[in-house]
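If you read the sequence shown in the numbering used here, its first letter stands for residue 716, the second for the next number, and so on.
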Amino acid sequence: MPVKQKTVFVCQQCGYESPKWAGQCICGAWNTMIEEKIQEAAEDDKRRRSPQGGQAARPKPSRAAEISPADYVRLDTGIGELNRVLGGGLVKGSLTLVSGEPGIGKSTIILQAAANIASRYGQVLYVSGEESIEQIKMRADRVCCELPDGLFLLSETNMENISAIADELCPVFIVIDSIQTMYTASLDSAQGSVSQVRACGNELMRMGKTNDLPVFIACHVTKSGELAGPKIVEHLVDCVLNFTGERNHELRILRAFKNRFGTTSEIGAFEMAEGGLVEIEDLSKTFLEGMESGMEGSVATAVYEGTRPLLLEVQALASPANIGFARRSAIGVELSRLNMVLAVLDRKAGISLVNHDVYVNIVGGLRPEGTSTDLAVAIAVHSAFKGTPCPGKTIALGEIGLTGELRSIQNADKIAREAAKMGFEKIILPYKNAAKLENTAIKLVGARNVREAISEYLDKSGFL
């Protein structure tokens, strides 16, 4: 079908449009009318996302300096850890994808957020293609203290019906659980197929952008933990959140893999309780809860996640290898990073572990990013190999280079303050970081290389 065009004359001074040319515009200016060709968009074109002037209107650019910031006020979800990961709250018109393994808590946190928003801002539409409204109500009674009148439940999988109901209800927030169960009648392919997921994602994006409607989408994951469906969906949405955790532990970590309105380095911590997900405000205390003083191979360290420091416990075990090659196992630490640290210990600290199995674990199931835990891993392995007990009130952090030197890390001052608040008495860190810190409530010990750091940490008893 050919695209229709029409000719208009636009005043370059005031922007007035006229179907006919005139020497003088209505604003009084002369010879400012210029001919322009305009392509008319179809009224039922659902591929457009411009919120200005309806479906067929031609969008007009706006000056960035003239756009009111009030249009991007965030909605408070009522869950502080979720707000932290989102960047301060839920942005109007944003599309957020929430992924995670089955039973990890995706639907629980989405339902809790929906109930909080409904009680604060207005009507919320929760759409499920996997459960009936009675099943959703049973879970809502368990995880929500009080169900607001503005929370509406819908069991539907047809996108056309969902769009029509949303236009009638005019909600302030909508939830789709899950995108793989939705379909559009314009395509003949099965639900969950690449074409259906892409088309439904486009329709949800159009709904959100045209109506300033924030949308939460639950998404399945594959066996490897990646998002199921086409990769184009991750590019369409504004934010991708991922829930991780062990089924036999109550701790759940929420991390943003993509966020157009905030940072991707923030994490949110929750505990799965009988009444739903409960926020963990003091995460460092949780990770260090079972740490005891004088244990072999147990070292406290810290990382900086987003806007807060986190204190962690690194455990290591070195055992003689009985047969074959020595085994290397790491949980929470990259295996390639562990092999590099062991090589540095061999060449720069005189500790050969070629005939020993080495196991390293970061307690709590957290997988921190960055290299600030290198020194703690090295000290924990050394302590486990030599049988030297570790002091419980000392924390170690720093990046180890291939030459054995300790490289400086970021936000060492904030980590030092957090360590002092948690009751630690001494911190081993790179020399350059120690030289910059002043007036700290904790004893600072700067080390230039890994051998010096291990000697300082173990009170010079590790190299006897």
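Virtual Cβ for every residue (Gly too), placed ideally from N, Cα, C.
For D882 and T925, the gap between their C-alpha atoms comes out near 11 Å. The alpha-carbon of V1160 is positioned some 10 Å away from that of A1150. The C-beta of H950 has fewer than 16 other C-beta atoms within 10 Å across all chains shown, which makes the residue exposed. The beta-bridge partner set that DSSP reports for F724 consists of S733, E750. D1072 sits in a strand when the DSSP states are folded into three classes. A check of alpha carbon separations from L884 across L928, A830, N917 identifies L928 as the nearest. The C-beta separation of R789 from V806 comes to about 6 Å, placing the pair in contact by the 8 Å criterion. The secondary-structure analysis by DSSP pairs R967 across a beta bridge with F985. Of all C-beta pairs linking the segment 866–879 to the segment 839–850, three or more are shorter than 8 Å, placing the two stretches in contact. Along the segment 774–861, the beta strand (DSSP E) occurs as fully enclosed runs of 3 or more residues at 810–815, 839–843, listed in sequence order. In this structure, the alpha-carbon of E965 lies about 10 Å from that of V993. Spatial neighbours of R975 in its own chain (CB-CB distance under 7 Å, excluding positions within 5 residues in sequence) are listed in chain order as D953, C954. Relative to G1005, the option among F931, S1087, I1077, C860 whose CA is nearest is I1077. In the DSSP assignment, T925 falls within the unbroken alpha helix (DSSP H) covering 909–926. Just so you know, the alpha carbons of G803 and E1020 end up roughly 15 Å apart. Apart from the 5 residues on each side of it in sequence, G1012 sits with its Cβ closer than 8 Å to the Cβ of Q1030, A1031, L1032, A1033, A1095, V1096, S1098, A1099, C1105 in its chain, given in chain order. With a minimum length of 4 residues, the unbroken runs of alpha helix (DSSP H) contained wholly in the segment 1005–1085 fall at 1050–1063.
Under the three-state reduction of DSSP, Q895 is assigned to helix. Under the three-state reduction of DSSP output, K1108 falls in the coil class, being neither helix nor strand. Bridge pairing for P1145: A1162 [DSSP].
In this structure, P776 lies away from A830, with their beta-carbon atoms at least 8 Å apart. Here R1042 is exposed: its Cβ has fewer than 16 other Cβ atoms, across all protein chains shown, within 10 Å. Excluding sequence positions up to five before and after Q827, its CB lies within less than 7 Å of the CB of I794, V858, C859, G991, L992, all in the same chain and listed in chain order.
Residue state for L951 is assigned as helix, using DSSP reduced to three classes. In the DSSP assignment, I877 falls within the unbroken alpha helix (DSSP H) covering 874–884.
Only residues of its own chain outside the window of five on either side were considered, and among them I825, A829, Y841, F931 have a CB closer than 6 Å to the CB of V890, listed in chain order.
Excluding sequence positions up to five before and after G1065, its CB lies less than 7 Å from no other CB in the same chain.
The three-state secondary structure of K973, taken from DSSP, is strand. Taking the Cβ atoms as the reference, K1108 lies roughly 4 Å from E1140, within the contact range of under 8 Å.
In the structure shown, S870 adopts extended strand secondary structure according to DSSP, grouped into three states.
When DSSP states are grouped into helix, strand and coil, F1139 belongs to the coil group. The shortest CA-to-CA distance from A1045 to any of A1093, F1002, I1038, S1008 is the one to A1093. Under DSSP, E994 shares a beta bridge with F985.
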